[in-house]
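Protein chains in written order, with our numbering: chain V, 1 to 254; chain F, 1 to 254; chain Z, 1 to 254; chain A, 1 to 254; chain C, 1 to 254; chain X, 1 to 254; chain L, 1 to 254; chain W, 1 to 254.
Protein chains: 8
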Amino acid sequence: MDETLLHQLLNSVARGQTPVADAMARLRHLAVEDIGCAQIDHHRSLRKGFPEVIFGQGKTGEQIVGIMTRMIEQERVVLATRVEAHKADYITSRIEGARYHPDARMVVWSKGEIAVRGKGTILVLCAGTSDIPVAKEAYLTARAMGNPVEQIYDVGVAGIHRLFRYRRQVESASVLIVVAGMEGALPSVVAGMVGRPVIAVPTSVGYGASMGGLTALFAMLNSCSSNVAVVNIDNGFGAGYFAATINQPRQSSL
Amino acid sequence: MDETLLHQLLNSVARGQTPVADAMARLRHLAVEDIGCAQIDHHRSLRKGFPEVIFGQGKTGEQIVGIMTRMIEQERVVLATRVEAHKADYITSRIEGARYHPDARMVVWSKGEIAVRGKGTILVLCAGTSDIPVAKEAYLTARAMGNPVEQIYDVGVAGIHRLFRYRRQVESASVLIVVAGMEGALPSVVAGMVGRPVIAVPTSVGYGASMGGLTALFAMLNSCSSNVAVVNIDNGFGAGYFAATINQPRQSSL
Amino acid sequence: MDETLLHQLLNSVARGQTPVADAMARLRHLAVEDIGCAQIDHHRSLRKGFPEVIFGQGKTGEQIVGIMTRMIEQERVVLATRVEAHKADYITSRIEGARYHPDARMVVWSKGEIAVRGKGTILVLCAGTSDIPVAKEAYLTARAMGNPVEQIYDVGVAGIHRLFRYRRQVESASVLIVVAGMEGALPSVVAGMVGRPVIAVPTSVGYGASMGGLTALFAMLNSCSSNVAVVNIDNGFGAGYFAATINQPRQSSL
Amino acid sequence: MDETLLHQLLNSVARGQTPVADAMARLRHLAVEDIGCAQIDHHRSLRKGFPEVIFGQGKTGEQIVGIMTRMIEQERVVLATRVEAHKADYITSRIEGARYHPDARMVVWSKGEIAVRGKGTILVLCAGTSDIPVAKEAYLTARAMGNPVEQIYDVGVAGIHRLFRYRRQVESASVLIVVAGMEGALPSVVAGMVGRPVIAVPTSVGYGASMGGLTALFAMLNSCSSNVAVVNIDNGFGAGYFAATINQPRQSSL
Amino acid sequence: MDETLLHQLLNSVARGQTPVADAMARLRHLAVEDIGCAQIDHHRSLRKGFPEVIFGQGKTGEQIVGIMTRMIEQERVVLATRVEAHKADYITSRIEGARYHPDARMVVWSKGEIAVRGKGTILVLCAGTSDIPVAKEAYLTARAMGNPVEQIYDVGVAGIHRLFRYRRQVESASVLIVVAGMEGALPSVVAGMVGRPVIAVPTSVGYGASMGGLTALFAMLNSCSSNVAVVNIDNGFGAGYFAATINQPRQSSL
Amino acid sequence: MDETLLHQLLNSVARGQTPVADAMARLRHLAVEDIGCAQIDHHRSLRKGFPEVIFGQGKTGEQIVGIMTRMIEQERVVLATRVEAHKADYITSRIEGARYHPDARMVVWSKGEIAVRGKGTILVLCAGTSDIPVAKEAYLTARAMGNPVEQIYDVGVAGIHRLFRYRRQVESASVLIVVAGMEGALPSVVAGMVGRPVIAVPTSVGYGASMGGLTALFAMLNSCSSNVAVVNIDNGFGAGYFAATINQPRQSSL
Amino acid sequence: MDETLLHQLLNSVARGQTPVADAMARLRHLAVEDIGCAQIDHHRSLRKGFPEVIFGQGKTGEQIVGIMTRMIEQERVVLATRVEAHKADYITSRIEGARYHPDARMVVWSKGEIAVRGKGTILVLCAGTSDIPVAKEAYLTARAMGNPVEQIYDVGVAGIHRLFRYRRQVESASVLIVVAGMEGALPSVVAGMVGRPVIAVPTSVGYGASMGGLTALFAMLNSCSSNVAVVNIDNGFGAGYFAATINQPRQSSL
Amino acid sequence: MDETLLHQLLNSVARGQTPVADAMARLRHLAVEDIGCAQIDHHRSLRKGFPEVIFGQGKTGEQIVGIMTRMIEQERVVLATRVEAHKADYITSRIEGARYHPDARMVVWSKGEIAVRGKGTILVLCAGTSDIPVAKEAYLTARAMGNPVEQIYDVGVAGIHRLFRYRRQVESASVLIVVAGMEGALPSVVAGMVGRPVIAVPTSVGYGASMGGLTALFAMLNSCSSNVAVVNIDNGFGAGYFAATINQPRQSSL
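Below, the structure written as structure tokens:
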């Protein structure tokens, strides 16, 4: 219940149109409705500027279709992450306009073209070819949330000159997402080149003492550059989402 | 060497004023000079929008005074972090205008009042009273970098209603820094209330299985809210710095 | 051997009816007989108030049927946990009255309706939909042990207002079981709302630095609320069992 | 704001005595006022049945005296944990009636004798002499919260017969707290003897691969007895508090 | 080269029958021949009292048959551990007299009955039914090495009275092997009952924070009983072998 | 209560000298007395062949003197481990005949010369000079328990030839204790040379990734030699004790 | 762009043949071109002395064939590591001259015989038969990079005399690669015998507390021999590559 | 015993001057004497090309002086590492010519100037000023072993252009030692620039999730550059030693 509705209700009580008992019944849970409410989806869009995203892992194709169908009625963009290919076939054959991105394992549905609202550009970089799926997830998420997004892949620190070829592009980005596995060194190097926020995404790529991504994660947390913050291992979606919260104009209420 | 200098050099060669051999000598290290240069501090301010910050841990008071003295000639604000009290006495008695904040263990020097450039407000929250030193470090850093900063302390999740009293303030912040030790739950709750970026700072507060802050760190990385990114344990400075990179207007070249 | 038997034996010795050698032979193992005995199952019910529960993992369907058959003769309720679906088919087709709960992977058999003995209500909450299987295991266990049990699902801290809608229900529970994965923050928030005991159950839900549930486990152990105790990762059964030991009236000898 | 106040307010609006704008102002923050409130301490006692406990670690003697002085005005019992001896001298010389327990490092103040409200007995056991400080902290906490408490020390599993001497006492307890370091085996053995809830407290006693208490912690979480729940390493206070929430009569609103 | 051969060589040099150059050539590598030798298998039996044991994991059935065939010509007993069932079929169909023990996943071949050389009895205990495979591996190994071995299964600490029924058997054993997963408490309890050496074997049985057996391992290393030593997780073979080295009479050169 | 006492009691009942009620009072706790008893020390010596050893860490000099004084009345040998030098001065000045070994940080008291009971020799080896304190603790413990003990120090694998100089001594030992830090490789090498049991003791010597001894511990648990079992990090006492349980003649009831 | 090209460009500007604007366009990215360049592969061979190696894991057979085909046009040797057998069939049937080594899971292609450039010999040793695949990977890599390579397998420390038989070969090697799992002790022993560099490769062979190779890794890092450096777990390729960088003559520009 | 001595002995036997029994006594331990010998230091110099280095940690100043005095008689260079300042004063005042390097905590003594034998140059780089002590230890060790050594400090990846200024120096080095804490990224970047061997040294510099250097260690082991090998945390000495084994000419018998 937003302020308008509350205003109407109180006016209605003042005019004697709504009995006190009825108003009490509605206001009793105002505590809840004032923060969120029973129609969760609507309030979340209002409160956070973007609807809930479906975490596909552990859900059946049927369940995802069910949730998407309900959300499509209310939202302009609906995302499902961590969707395996065989579920995606089921979903895209049932949800018109839903598109599957196999690299990123995401399903994206939107009402027409997604409008671009962000002023600056979000730049997604990744260190190696094995990091691309996570980078793509970040790319698609930020794009679906209305941002201009660019990507540069395979610029790891073992041949750091490859990165420097893109210096202008790096320096002109508004927010940077840097995806890397193994030693996780790329975010530090990129952050040393710019003054804008750098979101580091460790990946579980590697073997031996890569510890399923913990090595890259800890390396990024210990970055000697201060304009670096970190999200969970393989969490491309979170990085894209976080970048969008930075890039979107404040007044757009995101 | 910036573009203007390069232009002058090439013109000079074209006019025969600079011999090819001399130009080669200068251009040989262009690779380096083009990215950074010998006078590191100047370039860093230009490139990143803020000068280097002195990491006080492991440095003597004399060393810190030496570095600050040199930096003061070139910069408008100079920070030193992790400075123990006895070193601070030495520093503030020798650097005029330097002020020590014992809670945050920071020394701040500025040429006059620090101008406020950021448009939005950075809000620093912390869960318990033991988290205050880290929160203060974040506060002072963001403030020194020219941002309006507010702070709300002791609003941990064991009495979550305390947080809700500040809902308006939470919702109107541009960037939020949330500091918590123990179970590290506060950033998730805060991030669920807003759509703006939340920077989570785990602290080493606690005992037993708090693992020196790793428990809070991992909890924050696993936040079920997507608008959360994380910095290293006890890294209030990094959180303040990262928040500033988000909050500052793009065109101010930060 | 209880006190009555000991009394008889000593009287018999005093009267010369039992030779000293015979008495010695019987008393030699009194230590053992006094603590437990040969008919393990009966004694366990007497000693602990509830029969052994079959841990289905690693046992064949045949083995589980064999054990259940023997137990059914002596007990009013028999539980088997961690039973995969294909084994469950085998079991329910052979044990009349056995019912399989696929969510919780439990088989429950009871002699007629399970009587409700507990006075208070055990409330099971969980943070996300992926935590439901563990929550169900807790629910069914507490129910099978004769307690009134209620459940509230999907009230994680990323939208904490959802939880507050159930405040009355939360506040009136006698014991609370709170199941959560990822950052494991829900038990702290719930425990901050009530004065009754809260049993926290970490789940292995999540990825990256969720460490198979260790992150949630450590977070819960570090809860800033004092009325929280923790059971093992994914151990819904243990939580339900422990809650029942709290909720049952003392005199019922549970 | 409780229901009575809400009723008055709405009636006042209905009667035209309170303008809609004023009512809106009051209701806007209802969410917060309905859950908690400004006078935190009072509400905590009401909500949780026991006032906040002062965590002494990292606080100066002056700070602890300050907090205790304020609390004493409102509460019947005030506890401070983890208080080193030199601070305790300062505190007890300033707070009349405050008593220091050096073993448990606790300061306890109460308005007269602490009344015994719990019906059953809480029994605290510990495995070795080095575990006694943690056991004492549990003992004093449970006692201060109004429970009859008994204690049995030095009954570790390396001489398990020592435990069996106390079988009657063990079996008649309402709640059991079992404190152990090293291999952490005692809670499993005790829990196997009774049907009542057992709260296991790992201690950091040991060396080598005792890992600062993690070995005992993990052992207790993996207990093969189901009536065991665990609190953090060395958290005797938490165990005593949790035991009290179990033992206190429901209606006493604890 | 043993002492006899060395004596012959030196005599031969002394008599002028072997030139110094030839003797030098032979003696140059004496270092090696003196410690071991080219015919490894023979020397190992002589040196260690038991031939090498084939570690089946990662070897094909063909490879195991090949190695066994060569060893059978020289040894009286040949063991292969960690042999999966399908390989065992292949092996037993090709090696006459080889017998597969599916529980322990071992293949045992012996020339006639294995003679019993050990004077005392090795007793193998295990805590739960899931620990039986590891216990069986210990049993078969110790038996194959010529020891009288007895076994007691399912005497975990959750019902410690079950163990006490076997007190005489426990007290009369010469060496004890105690196998346990989960909290790994049984070895401490058993070791507290006897003065003889107890070999603890942690198993990977359990879930959640059992950490693949590390919890039991660390618990056993921290045993508060001093007559406990530990072998690797699931290493029943090592425990049986180590027990045999203790139990065999010194003069038999094992 | 041992068998003789039980026999007397029953005879006394049979003769009417002891009333049934009195006998019951004494026998009521027979369960306990049959396994251990109230006078712990006496029974432990009977049951385990060696009295309790005082763990000095965390005890004051006064406490140690108190315990030793009581034990000296009943035992022939009394040991206290982990005793710092300043406590040792206090102890040796008060307990006549107590001798402090500063290397091993042990206090040893014995009634006259300690008799040698063991038939074979226990050999203690250590890898580096920093491992000597732990090796000495093992040496003194085994010696105090009546065994012939020899020692060879500084024979680490970085110069493995040093070890081979002592081959005869190594091969003729009955039990071997091998102490090593850093990579913990020595026990594997030694165990490869002999067929007798080798007890490996990891030490916390090293830096960096030595992990406080965990590296050596894990290396020893993974020894490719099968006649190796392991005790806790720095647990020289445990190794000496365990070796003694192996070496002592069975009939001596150790 | 190398120095020659830069010289031509500047001369061209000096002669007025290249306008300043054009020269600026080319020089603007000199930073990048001076370090590396657009045709990455060529530059890498020049810069590092050996072309990139294809990491086969996670790539399809088609992708590997595509990359190899392009590289074959420019290079004399092309390697692909971590190639499963079914992909290898596809590759070798399409790339003429490509040969698959199933043990090492490597595909090697070379233009004619690989020339031997290294002066010294690289010796690869491994501890057990399960370590052979990793050892082979090291062998083939070093061989493909133009080095004489020898190998000695199955010389683990449990029978250290086996190693000493090869002492001359060990002592005459220029660089040694030592591969070992389990306790990882072999590199220390080998390094103690020679003064040349020893590269230690931990393998994930083992079970229980071998921790997937971490035990061997940490043991090797803690080697008490100083001429040891370590590569990642199972990284035979890296060891072979690193050995080649040591062994190749400096002037060959490797 | 070297070959000359063996030759003399055999000749003496051949001439009848040495009885067979005496020769046997001497040759019995030839195995040992042939590999190393009683005068350890001499043989080590012969075998490994450099004498033992004194590990100062845990040794008293007196002990170090004692060892140095003996070594000085036989060696040309003697090193002691990890020597605290107060011990160094004692040592340098007693050993003439011994010089203390406080940064590196090393004492170096040499007979006259240390001759330079290595052909190439060893280059030591470090990332931050806090890494300098470890870098110095590497520098001094390599220098003391007769190598030309250069050093470049404070070229971490947060301002990677600083490194590129030294490109020529980096590219012309024969062996590179790269010291870094925090995220440990520098070795990967440096190794990407050259084809020569890079020895990575992690340092324990940092806080929070730097895990005492483990983060840097794991990052370096996962380097995406193949010409990197790693030594233990803070092990500057080992890196310098290892570099020297690479750089020294083979024939110099190092």
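Cβ atoms here follow ideal geometry from the backbone N, Cα and C, with glycine treated the same way.
Please name the residue, chosen from Ser223/C, Ser226/C, Asn235/C, Arg165/C, that lies closest to Val228/X on a Cα-to-Cα basis.
Here residue 228/X corresponds to residue number 228 of the sixth sequence, with the count starting at 1. Ranking the options by Cα distance to Val228/X, first place goes to Asn235/C.
Tell me whether His86/Z is buried or exposed, calling it buried when 16 or more other Cβ atoms sit within 10 Å of its Cβ.
Walking along the third sequence from the start, residue 86/Z turns up at place 86. Counting every other CB atom within 10 Å of its CB across the protein chains shown gives His86/Z a total below 16, marking it as exposed.
Expected contact under 8 angstroms - CB spacing of Thr92/L and Val108/L to nearest Å:
Walking along the seventh sequence from the start, residue 92/L turns up at place 92. Walking along the seventh sequence from the start, residue 108/L turns up at place 108. With a Cβ gap of about 10 angstroms, Thr92/L and Val108/L do not count as contacting.
Cβ of Ala219/W within 8 angstroms of Cβ of Ala219/V?
Along the eighth sequence, read from residue 1 onward, the residue named residue 219/W stands at position 219. Along the first sequence, read from residue 1 onward, the residue named residue 219/V stands at position 219. The Cβ atoms of Ala219/W and Ala219/V lie closer than 8 angstroms to each other.
Assigned secondary structure, Gln8/A (DSSP; H/G/I helix, E/B strand, else coil):
As a first step, residue 8/A must be located in the fourth sequence, where it is residue number 8. DSSP places Gln8/A in the helix class (H, G or I) of the three-state scheme.
Between Ser174/F, Phe55/F, Gln248/F, Val157/F, which lies nearest to Ala191/Z when the distance is taken from Cα to Cα?
Taking the first residue of the third sequence as position 1, residue 191/Z is located at position 191. The shortest C-alpha separation from Ala191/Z is found at Val157/F.
Outcome for Asn222/Z when other beta-carbon atoms lying within 10 angstroms are tallied against a minimum of 16:
The sequence position of residue 222/Z within the third sequence is 222, counting from 1. Asn222/Z should be labelled buried.
Return helix, strand or coil for Glu171/F, following the three-state DSSP convention.
Against the second sequence, residue 171/F aligns to sequence position 171. If DSSP states are grouped into helix, strand and coil, Glu171/F belongs with the helices.
Give me the DSSP bridge partner(s) of Thr81/C.
Your numbering for residue 81/C matches position 81 in the fifth sequence. In the DSSP assignment, Thr81/C is bridged to Phe55/C.
Classify Tyr241/V as helix, strand or coil using the three-state DSSP reduction.
In the first sequence, the residue the question calls residue 241/V occupies position 241. Tyr241/V: helix per DSSP, three-state reduction.
Hey, how far is the Cα of Ala216/C from the Cα of Ser210/C?
Stepping through the fifth sequence from its first residue, residue 216/C is reached at position 216. Stepping through the fifth sequence from its first residue, residue 210/C is reached at position 210. In this structure, the straight-line span from the alpha carbon of Ala216/C to that of Ser210/C is close to 7 angstroms.
Looking at the unbroken alpha helix (DSSP H) that takes in Arg143/L, where does it start and where does it end?
Taking the first residue of the seventh sequence as 1, we reach residue 143/L at position 143. Unbroken alpha helix (DSSP H) run through Arg143/L: 132 to 144.
Can you name the residues of chain A whose CB is closer than 7 angstroms to the CB of Thr121/Z?
Within the third sequence, numbered from 1, the residue matching residue 121/Z stands at position 121. Within 7 angstroms Cβ-Cβ: nothing; Thr121/Z doesn't reach chain A, min ~11 angstroms.
Between which residues of its own chain and Val134/Z is the CB-CB distance below 7 angstroms, once the five residues before and five after are set aside?
For this step, residue 134/Z is matched to residue 134 along the third sequence. The residues are Val179, Val201, Thr203, Asp234, Gly236.
Can a CB atom of chain L be found closer than 8 angstroms to the CB of Pro133/X?
Here residue 133/X is taken as the residue at index 133 of the sixth sequence, counted from 1. False, the Cβ-Cβ gap to chain L never drops below 8 angstroms.
Using the DSSP secondary-structure output, state which residues sit across from Cys126/F in a beta bridge.
In the second sequence, counting from the first residue as 1, residue 126/F sits at position 126. Its beta-bridge partners are Val179/F.
Check for me: the beta strand (DSSP E) holding Pro202/C runs from which residue to which?
By 1-based counting over the fifth sequence, the position of residue 202/C is 202. Looking at the DSSP string, the run of the beta strand (DSSP E) that includes Pro202/C is 198 to 202.
C-alpha gap between Leu140/V and Leu176/W, whole angstroms:
As a working note, residue 140/V is residue 140 in the first sequence. As a working note, residue 176/W is residue 176 in the eighth sequence. About 42 angstroms.
Please tell me whether Thr75/F and Pro51/F are closer than 8 angstroms, where the distance is taken between their beta carbons.
By 1-based counting over the second sequence, the position of residue 75/F is 75. By 1-based counting over the second sequence, the position of residue 51/F is 51. The residue you asked about is not Thr; residue 75/F is Glu in the sequence shown. Yes.
Whose C-beta lies closer than 6 angstroms to the C-beta of Ala14/L among residues of the same chain, with five residues either side of it excluded?
The sequence position of residue 14/L within the seventh sequence is 14, counting from 1. No residues qualify anywhere along the chain.
Let me see if you follow: with CB-CB separation under 8 angstroms, is Asn11/C close to chain W or not?
Counting from 1 along the fifth sequence, the entry for residue 11/C is found at position 11. It does; some Cβ of chain W falls within 8 angstroms.
Helix or strand or just coil, what does DSSP make of Glu96/L?
In the seventh sequence, counting from the first residue as 1, residue 96/L sits at position 96. It is coil, neither helix nor strand.
If we ignore side chains and look at the alpha-carbon of each, how far apart do Ser174/A and Val116/A end up?
To locate residue 174/A, count along the fourth sequence from 1; it is residue 174. To locate residue 116/A, count along the fourth sequence from 1; it is residue 116. Between Ser174/A and Val116/A, the C-alpha separation is close to 15 angstroms.
Note down, in chain order, every chain X residue with its Cβ under 7 angstroms from the Cβ of Gly238/C.
The count along the fifth sequence starts at 1 and reaches residue 238/C at position 238. Within 7 angstroms Cβ-Cβ: Ser226.
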